[in-house]
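For the sequence shown, the working numbering assigns the number 771 to the last residue and increments by one with no breaks.
Glycine included, C-beta positions come from ideal geometry on N, C-alpha and C.
These numbers come from a predicted model, not from an experiment.
Have a look at the structure below before the remarks.
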Amino acid sequence: MNFLERSLGPGKDPGCIMPEPSTTNRELTGHPEVPQDDEGLFEMRNRATLLFQWMLPILVIAAGWIIPAAASAQTACSPTINSCGCTIIKPGSYKIGLAINSTQGLTSNNACIEIASSFVILDGGKKTITGPGGTTPTGIGILLHRNFRSNFLEGRGTVISGWDVGLLIQGSQIVADDFTANSNGTAGIELNKAEAVELTSPTASSNLNYGIWVNHTSTSDITNSKTLTNGNIGLYVGCSDIGPTSSGCSGGPSPGNYIFTGSIAGNTNYGVALDFGAKSTIVTNQTLGGGTHNSKDDLFDANSSCGSNKWFANDSTATNNQPGGCIK
Numbered sequence: 444m445n446f447l448e449r450s451l452g453p454g455k456d457p458g459c460i461m462p463e464p465s466t467t468n469r470e471l472t473g474h475p476e477v478p479q480d481d482e483g484l485f486e487m488r489n490r491a492t493l494l495f496q497w498m499l500p501i502l503v504i505a506a507g508w509i510i511p512a513a514a515s516a517q518t519a520c521s522p523t524i525n526s527c528g529c530t531i532i533k534p535g536s537y538k539i540g541l542a543i544n545s546t547q548g549l550t551s552n553n554a555c556i557e558i559a560s561s562f563v564i565l566d567g568g569k570k571t572i573t574g575p576g577g578t579t580p581t582g583i584g585i586l587l588h589r590n591f592r593s594n595f596l597e598g599r600g601t602v603i604s605g606w607d608v609g610l611l612i613q614g615s616q617i618v619a620d621d622f623t624a625n626s627n628g629t630a631g632i633e634l635n636k637a638e639a640v641e642l643t644s645p646t647a648s649s650n651l652n653y654g655i656w657v658n659h660t661s662t663s664d665i666t667n668s669k670t671l672t673n674g675n676i677g678l679y680v681g682c683s684d685i686g687p688t689s690s691g692c693s694g695g696p697s698p699g700n701y702i703f704t705g706s707i708a709g710n711t712n713y714g715v716a717l718d719f720g721a722k723s724t725i726v727t728n729q730t731l732g733g734g735t736h737n738s739k740d741d742l743f744d745a746n747s748s749c750g751s752n753k754w755f756a757n758d759s760t761a762t763n764n765q766p767g768g769c770i771k
């Protein structure tokens, strides 16, 4: 069925819109400039013109049905980012040029900056990225989407605060260095279904829940971290938003993560906690740094006898939940 037949409806013959009069009844056109032998051709063109004029409104209306309305365009980040509310959609180098905040606008995912491209370098420029804050912060400071890889984020001490999640990484083969994420809600920094992330020299303190949350993430390294005075856990590997539970993760484990060298003092419940589903994880050189113990345990592993996880060379004064001695 062609477009004209769809427009007229089933069972209607497009050729019957203007039936061709019989040759014997055809009258002169009244146009003396048209030779009589060409009268039939002229009338066919004349009727075609009338038919097009009659069909034009239908075509316009039908086009409105067939062609969807354009989605609202996202704002692409410029190479120098001076306000919240944009998305990096092309490979290249970008830099945050000014202190930015949520009042300047957010993306459709309620983020200040989104990264939706591979091969991106983002220089935080030592600037601040400030969210709405309050007792239940909302939004995301920097959101790096999954399905993108080979991105390098250099914070140089950039401070992300006042968001639900300060820095949310979902991609693979990502390096994020020297970011500070303080006074956020669910987590200062979250690795969510990420893979092969190098998170180096992060500071995540005074967040309402987790300092750093490793959630359904594999083969990633967290080194030289500071996770202090967070409302629940300093560094948590697991899938529960409330901390260690008695059941595993429905979405699969978080295997093969390495947690090297960290300061873990003063968190409300645990310094470093591996939940059920954290497998083949190495935790080493986690210290209190002269700070206070965490309220429950400094080091915690929910797996019986630590499962396949390895703990060694950690603070000798740190408390732990494994009387068998697998946490060292």
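Residue i versus residue j: straight-line alpha-carbon distance, rounded
{"i": "L541", "j": "N673", "result": "28 Å"}
{"i": "T581", "j": "I543", "result": "16 Å"}
{"i": "I685", "j": "D741", "result": "17 Å"}
{"i": "K538", "j": "S759", "result": "42 Å"}
{"i": "F387", "j": "N590", "result": "No information on residue 387 is available, as it lies outside the stretch 444 to 771 that the chain covers here."}
{"i": "E633", "j": "V657", "result": "6 Å"}
{"i": "S747", "j": "I770", "result": "11 Å"}
{"i": "A688", "j": "S551", "result": "According to the sequence displayed, residue 688 carries Thr and not Ala. The alpha-carbon atoms of T688 and S551 are separated by roughly 33 Å."}
{"i": "N752", "j": "L565", "result": "34 Å"}
{"i": "T573", "j": "W606", "result": "7 Å"}
{"i": "L678", "j": "N594", "result": "23 Å"}
{"i": "N553", "j": "G528", "result": "8 Å"}
{"i": "Y653", "j": "A708", "result": "13 Å"}
{"i": "S604", "j": "D621", "result": "14 Å"}
{"i": "T578", "j": "G584", "result": "17 Å"}
Where residue i falls: helix, strand or coil (DSSP)
{"i": "Q616", "result": "strand"}
{"i": "Q729", "result": "strand"}
{"i": "S663", "result": "coil"}
{"i": "S545", "result": "helix"}
{"i": "S759", "result": "coil"}
{"i": "C749", "result": "helix"}
{"i": "C555", "result": "strand"}
{"i": "L671", "result": "coil"}
{"i": "P766", "result": "coil"}
{"i": "G528", "result": "coil"}
{"i": "F595", "result": "strand"}
{"i": "T724", "result": "coil"}
{"i": "S560", "result": "coil"}
{"i": "A780", "result": "Here the chain covers residues 444 to 771 and nothing more, so residue 780 does not appear."}
{"i": "S521", "result": "coil"}
{"i": "D740", "result": "strand"}
{"i": "T550", "result": "coil"}
Exposure label - residue i; buried when at least 16 CB within 10 Å
{"i": "I617", "result": "buried"}
{"i": "I531", "result": "buried"}
{"i": "G628", "result": "buried"}
{"i": "A756", "result": "exposed"}
{"i": "K669", "result": "buried"}
{"i": "T646", "result": "buried"}
{"i": "P478", "result": "Any reading at P478 must be qualified, since the residue scores a pLDDT of 43, below 50, and its modelled position is unreliable; no value is offered."}
{"i": "G631", "result": "buried"}
{"i": "K570", "result": "buried"}
{"i": "S521", "result": "exposed"}
{"i": "G732", "result": "exposed"}
{"i": "A519", "result": "exposed"}
{"i": "E476", "result": "With a pLDDT of 41 at E476, under the threshold of 50, the predicted position of this residue should be treated as unreliable, and no value is reported."}
{"i": "S536", "result": "exposed"}
{"i": "A738", "result": "Looking at the sequence itself, residue 738 is Ser, so the reference to Ala does not match. With fewer than 16 other Cβ atoms within 10 Å, it is exposed."}
{"i": "T523", "result": "exposed"}
Residue nearest to residue i in terms of C-alpha spacing, selected from the options
{"i": "T546", "options": "K538, S593, P575 and A630", "result": "P575"}
{"i": "D744", "options": "S661, I583 and G767", "result": "G767"}
{"i": "A637", "options": "T518, P696 and I556", "result": "P696"}
{"i": "A602", "options": "I655, N625 and N675", "result": "Rather than Ala, the amino acid found at residue 602 in this sequence is Val. Closest option to V602, Cα to Cα, is N625."}
{"i": "Q517", "options": "S536, D718 and A559", "result": "A559"}
{"i": "L596", "options": "G568, P698, N728 and G699", "result": "G568"}
{"i": "K719", "options": "I524, T523, P698 and L610", "result": "Looking at the sequence itself, residue 719 is Phe, so the reference to Lys does not match. The residue with the shortest Cα to Cα distance from F719 is P698."}
{"i": "G705", "options": "S644, N737, T735 and N764", "result": "S644"}
{"i": "N525", "options": "P534, L549 and K533", "result": "L549"}
{"i": "I676", "options": "S661, S663 and S648", "result": "S648"}
Any non-hydrogen atom of the ligand HEM within 7 Å of residue i CB
{"i": "G674", "result": "Ligands displayed in this structure: none; no statement on the ligand HEM is therefore possible."}
Complete beta strand (DSSP E) runs within the region 620-664 (minimum length 3 residues, chain order)
630-635, 638-643 and 653-658
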